[in-house]
Amino acid sequence: MKTLVVGWFSFEEMGASAGDLMARDLACEWLSSAGHNVEVAVAPPFTDGIDWRGAFPADYSHVVFVCGPFGNGEPVTEFLDKFRGIPLIGLDLTLLEPLESWNPFKFLLERDSSRAARPDISFLSQRSLVPVVGTVLIDNQDEYGKNARERSANEAIRGLLDSREVAVVPIDTRLDANKTGLRTAAEIESMIARMDIVVTTRLHGTVLALKNGVPALVIDSVAGGAKVYRQAQSIGWPVVFRVNEVTDQKLSDAFDYCLTAEARQLAAACCRRAKEAVEQTRTTFITELKKAGARHGSESARYE
């Protein structure tokens with residue numbers, strides 16, 4: 000006999016969340032550890048289970064409905080009718096109606112109901128976290144004409160990220176019309192600073208990442224390289240490609256490197272070198288400004 004695990008992931012367009020799937024996996028783990036043969040009911044877009052509508056109730060010793068709100072209405076009523084007579088277990092549910100008036104469960108360990116409240120079981124879910132990747136991409140570079148290949152660079156980046164389990168956070172550095180809802184330079188930099196890695200085709204995507212010690216995978220979208228490539232060279236950051244040099248393997252290797260402690264240390268070292276150079280620029284700027292002011296003053300006196 001088998002135990003059927005059901006939740007909002009078992010019904011189409013019912014808003015199954017990450018928490019629902021974490022709770023589902025945890026319930027399956029608990030059932031398996033107790034010696035149960037587990038089957039999971041799923042509906043599109045999920046594919047790792049069966050369609051409960053085609054299942055035979057007699058094949059199951061128990062049905063476990065896990066996680067989320069649970070009330071006396073469709074599609075729950077259709078499901079309960081089909082599995083009438085099979086012991087129903089409720090796990091991590093929010094009961095929408097008082098248990099005194101409706102309780103279809105053989106036993107219930109609710110998340111919250113009219114009689115009790117418990118912590119959500121996803122607190123116990125153990126899942127490896129994935130890298131958080133900020134993408135800072137340029138739309139077009141008209142000033143470089145036909146040498147600019149933003150589409151090629153962006154397609155290469157999209158292919159890289161699609162091939163991995165990562166959390167992608169688009170970050171727009173423009174402030175005249177920001178596509179990601181950021182309003183100030185501080186908001187943009189704060190977002191970039193919290194990434195594990197930044198993948199960018201923008202000069203300031205490169206700068207703001209390295210300034211905050213975040214490794215950047217940099218592609219200059221101009222064939223042969225232009226300002227982005229030269230900026231990375233000037234501060235000694237090696238993870239930079241000209242778009243005509245990019246291959247899937249190079250990007251994959253570079254991405255892996257950017258997730259290492261060595262890459263973070265190098266990003267911090269590049270930032271220190273860059274700041275030292277900018278301090279020299281500041282000194283030169285002020286010195287030359289004073290000289291220019293003095294020259295202007297002497298020339299003005301000559302014509303008085």
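The sequence shown begins at 0 in numbering that gives the first Met the number 0 and counts up one residue at a time. Glycine residues also receive a C-beta, built at the ideal position from the N, C-alpha and C atoms. None of the values given here were measured: they were computed from a predicted structure.
Check whether the Cβ atoms of N36 and K81 sit closer than 7 Å, and answer yes or no. no
Can you give me the start and stop residues for the alpha helix (DSSP H) that V227 sits inside? K226 to I234
Counting C-beta neighbours from all protein chains within 10 Å, is the total for R52 16 or more, i.e. buried, or is it exposed? exposed
Keeping to the same chain, check which residues put their C-beta closer than 8 Å to that of K249; ignore five residues upstream and five downstream. F240
I'd like to confirm the pairing. Which residues does DSSP put opposite A184 in its beta bridges? DSSP output for A184 lists no bridge partner at all.
Quick check on the burial criterion: 16 or more other C-beta atoms within 10 angstroms. Buried or exposed for A155? buried
Put L128 into one of helix, strand or coil per three-state DSSP. coil
Would you report the Cα separation of S60 and P86, rounded to the nearest angstrom? 7 Å
Determine the direct distance from the alpha carbon of T283 to that of T205, and round the result to whole angstroms. 25 Å
So, using beta-carbon positions, are P74 and F8 closer together than 7 Å? no
Return the residue from the list A184, V129 and S233 that minimises the CA-CA distance to D255. V129
What does A166 pair with, by DSSP beta-bridge criteria? V131
According to DSSP, residues forming a beta bridge with H61: T2
Residue nearest to F55 in terms of C-alpha spacing, selected from F78, A33 and V65: F78
Grab me the residues of D195's own chain with a C-beta within less than 6 Å of its C-beta, minus the 5 sequence neighbours each way, in chain order. P130 and V131
The alpha helix (DSSP H) that contains V213, what's its start and end? No alpha helix (DSSP H) holds V213; DSSP gives it neither H nor E.
DSSP three-state call for D91: helix, strand or coil? strand
Using the three-state DSSP reduction, which class does A277 fall into: helix, strand or coil? The sequence given here has Val at residue 277, not Ala. If DSSP states are grouped into helix, strand and coil, V277 belongs with the helices.
Comparing C-alpha positions only, which one of P103, G72, L123 and S112 sits nearest to M310? The chain is shown only over 0 to 303; residue 310 falls outside these bounds and no answer can be derived.
Can you tell me where the alpha helix (DSSP H) with V75 in it begins and where it stops? V75 to K81
I need the DSSP call for E28, collapsed to helix, strand or coil. helix
From the DSSP secondary-structure annotation, give me the bridge partner or partners of P44. Note: P44 sits in no beta bridge, so no partner.
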